[in-house]
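**Q** Following this message is one structure expressed as structure tokens.
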Amino acid sequence: MASDQGRPLPRPGVDILHQGLAFDLATMRRRQALRVFGLGAVALGLGGCGDDEQTPITETGTVIGEIPDETAGPYPGDGSNGPDVLTRSGVVRSDIRSSFGSSTTRAEGIPMTLILAIQDLAGGGAPFAGVAVYVWHCDRAGAYSLYSEGITGENYLRGVQIADDRGEVTFTSIFPACYSGRWPHVHFEVYPDQASISDASNAIATSQVALPENICEEAYTQTGYEASVTDLAQVSLDGDNVFGDDSGALQLATVTGDAMSGYTVTLEVGVDTTTTPTGGRLTGDGVPSGAPPSGGPGGPPPSR
């Protein structure tokens with residue numbers, strides 16, 4: 001089997017630079033580990049592993065944990081609190097910047113490519129091909145389509161993609177705002193397959209992507225993000241009521257690019273189907289600007 005420094009290549013016969021997101025992330029993390037601990041320390045750690053139970057490892061050698069279950073927030077749009085965008089034709093799409101259906105209004109902001117690599121922990125960390133991933137987040141003003149005042153008729157910044165053979169889904173979107181009380185983030189739900197998305201209770205994982213502070217600080221210097229500067233200064237990743245438990249250890253994205261050309265946001269997501277999902281209705285999400293306290297159509301947010 002073709003390999004690189006002892007690691008099997010997911011795409012034998014293809015240049016090392018084109019092995020896919022999961023392989024690239026594994027390479028980055030391995031280099032970081034070697035810089036911090038030194039090759040000898042790493043070798044010692046590997047030599048001392050004798051436990052029968054081991055953390056699942058992806059096919060690229062990356063050790064990955066289960067993504068924490070989190071609240072879907074008051075504005076999921078999955079039918080659990082009012083509007084249900086997941087039953088609408090057109091929701092399966094990669095570019096989520098515009099509304100679909102009766103409106104084509106486009107959300108403006110810094111371009112963002114979001115890539116999630118879903119790993120099947122029950123399957124030894126293999127790519128979780130075929131799962132459906134629903135992503136949603138606020139716009140650059142901190143408002144959510146379907147719920148926030150003035151945009152209840154819009155459904156932009158919401159969409160579903162089906163994971164490819166590498167377990168990856170890719171969305172074209174905009175960089176989200178920071179609103180009062182919450183660290184900048186992106187919501188997502190993972191479903192067994194496309195047919196399952198019509199019922200929110202079918203989700204096998206509900207979580208959030210945390211965005212790095214330095215990237216947010218840079219992004220919020222751009223036009224349209226002015227309110228985010230003040231809101232970001234009043235929150236911290238450690239103090240966030242969602243990411244604060246562990247400072248988003250498994251949820252903090254890797255980001256490349258810049259505010260002028262746009263960002264690429266990537267995260268490996270470990271999903272374990274042998275555990276019982278507890279997300280979706282957990283407490284902890286804040287109310288964004290421009291959204292009524294009632295949570296918009298459908299009444300108040302469910303008790304989580």
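Anchor point for the sequence shown: position 190 equals 190 in full-length UniProt numbering, and the numbering is continuous, going up by one each time. C-beta atoms are modelled at their ideal positions from N, C-alpha and C, and glycine is treated no differently.
#1: Taking the alpha carbon of residue 97 as the reference point, which residue from 262, 153 and 157 has its own alpha carbon closest?
#2: If you draw a straight line from the alpha carbon of residue 175 to that of residue 245, how long is it in whole angstroms?
#3: Under the rule that 16 or more other beta-carbon atoms within 10 Å means buried, what is residue 132, buried or exposed?
#4: Ignore the nearest five residues each way along the sequence and tell me which others in residue 186's own chain have a CB closer than 7 Å to its CB.
#5: For residue 71 versus residue 280, is the C-beta spacing smaller than 9 Å?
#6: Among 111, 85 and 129, whose alpha-carbon lies nearest the alpha-carbon of residue 165?
#7: Do residue 64 and residue 189 count as a contact pair if the criterion is CB distance below 9 Å?
#8: Can you check DSSP and say which residues form a bridge with residue 268?
#9: For the candidate residues 184, 262 and 153, whose alpha-carbon lies nearest to that of residue 173?
#10: Tell me the rounded alpha-carbon separation between residue 194 and residue 273.
#11: For residue 203, count neighbouring Cβ atoms within 10 angstroms of its own Cβ and tell me buried if that reaches 16, exposed if not.
#12: Quick check on the burial criterion: 16 or more other C-beta atoms within 10 angstroms. Buried or exposed for residue 214?
#13: What residue does the alpha helix (DSSP H) around residue 231 start on, and which one ends it?
#14: Beta carbon of residue 170, beta carbon of residue 161: below 9 Å?
#15: Return the CA-CA distance between residue 251 and residue 116, expressed in angstroms with no decimal places.
#16: Beta carbon of residue 96: closer than 8 Å to some heavy atom of the ligand MG?
#17: Could you tell me the alpha carbon to alpha carbon distance between residue 99 and residue 84, rounded to whole angstroms?
#18: Give me the Cβ distance between residue 224 and residue 108, rounded to the nearest whole Å; I'm assuming they're in contact under 8 Å.
#19: Could you spell out the range, first to last residue, of the beta strand (DSSP E) harbouring residue 219?
#20: Can you give the beta carbon distance from residue 77 to residue 121, rounded, assuming they're within the 8 Å contact cut?
#21: Taking the beta strand (DSSP E) that residue 133 falls in, what are its first and last residues?
#22: Please tell me whether residue 221 and residue 163 are closer than 9 Å, where the distance is taken between their beta carbons.
#23: When we look at the beta-carbon of residue 168 and count the other beta-carbons within 10 Å, is it buried (16 or more) or exposed?
#24: How many angstroms separate the CA atom of residue 233 from the CA atom of residue 217?
#25: Between the Cα of residue 365 and those of 229, 192 and 144, spot the shortest distance and give me the residue it belongs to.
#26: By Cβ distance, which residues of its chain are closer than 6 Å to residue 200, with the 5 residues on each side in sequence left out?
#27: Return the CA-CA distance between residue 141 and residue 227, expressed in angstroms with no decimal places.
#28: Would you grab the beta carbon distance between residue 266 and residue 254 for me? Rounded to a whole angstrom, and I think it's under 8 Å.
#29: Within 10 Å of its beta-carbon, does residue 198 have 16 or more other beta-carbons around it, so buried, or fewer, so exposed?
#30: Roughly how many angstroms separate the alpha carbons of residue 212 and residue 112, rounded to a whole number?
**A** Looking at the coordinates:
#1: 157
#2: 24 Å
#3: buried
#4: Once the five neighbours on either side are set aside, the close Cβ partners of residue 186 are 114, 135, 137, 176, 208 and 209.
#5: yes
#6: 129
#7: no
#8: Bridge partners of residue 268 according to DSSP: 117.
#9: Distance check between residue 173 and each of 184, 262 and 153 places 262 closest, using alpha-carbon atoms only.
#10: Their Cα atoms are separated by approximately 17 Å.
#11: buried
#12: exposed
#13: 226-233
#14: A Cβ-Cβ contact shorter than 9 Å links residue 170 with residue 161.
#15: 11 Å
#16: The ligand content of the structure shown is nil, which means the ligand MG is not present either.
#17: Straight-line Cα distance between these residues: approximately 14 Å.
#18: 6 Å
#19: Segment 213-219 is the alpha helix (DSSP H) holding residue 219; no beta strand (DSSP E) there.
#20: So it is not a contact: roughly 27 Å between Cβ atoms.
#21: 132-136
#22: no
#23: buried
#24: Rounded to the nearest whole angstrom, the C-alpha separation of residue 233 and residue 217 is 9 Å.
#25: Not covered by the structure: residue 365. The range shown for the chain is 1 to 304.
#26: Only residues of its own chain outside the window of five on either side were considered, and among them 78, 79 and 80 have a CB closer than 6 Å to the CB of residue 200, listed in chain order.
#27: 7 Å
#28: 5 Å
#29: exposed
#30: Their Cα atoms are separated by approximately 14 Å.
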